[in-house]
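The numbers in the numbering used here rise by one with no breaks, and the one at position 43 of the sequence shown is 45.
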Amino acid sequence: MSNALQDKICVVTGATRGIGRGCAVALAEKGATVFVTGRSDGDGELTIQGTVAAIEAAGGKGFGFKVDHGVDSEIE
Numbered sequence: 003m004s005n006a007l008q009d010k011i012c013v014v015t016g017a018t019r020g021i022g023r024g025c026a027v028a029l030a031e032k033g034a035t036v037f038v039t040g041r042s043d044g045d046g047e048l049t050i051q052g053t054v055a056a057i058e059a060a061g062g063k064g065f066g067f068k069v070d071h072g073v074d075s076e077i078e
């Protein structure tokens, strides 16, 4: 693990799959603490907790939140 982002905090939205998930894990591999959001909570690989688990497996520290960014009340 490179420490290029050590002591940095990153936020990745849409992080349960695809590019968002890949970015979250890559940031963790560089040493960042990563906060992730997504619409899929619960158990399983393609969920917020699944992404947090992948971040931790990469040696990082992750925190996940269920948020639908299309709903104003969930953003506030």
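Glycine included, every Cβ here is placed at the ideal spot set by N, Cα and C. As the structure is a prediction and not an experimental result, all values here were calculated from the model.
- Val38 is bridged by DSSP to Val14 and Gly66.
- In terms of Cβ geometry, Ala30 and Ala60 form a close pair [threshold 7 Å].
- Secondary structure note for Ala60: it is in no alpha helix (DSSP H), with a DSSP letter that is neither H nor E.
- Around the beta carbon of Val14, 16 or more other beta carbons sit within 10 angstroms, so the residue counts as buried.
- Burial check for Gln8: the Cβ neighbour count within 10 Å stays below 16, so the residue is exposed.
- Between the C-alpha atoms of Phe37 and Arg19 there is a straight-line separation of about 15 Å.
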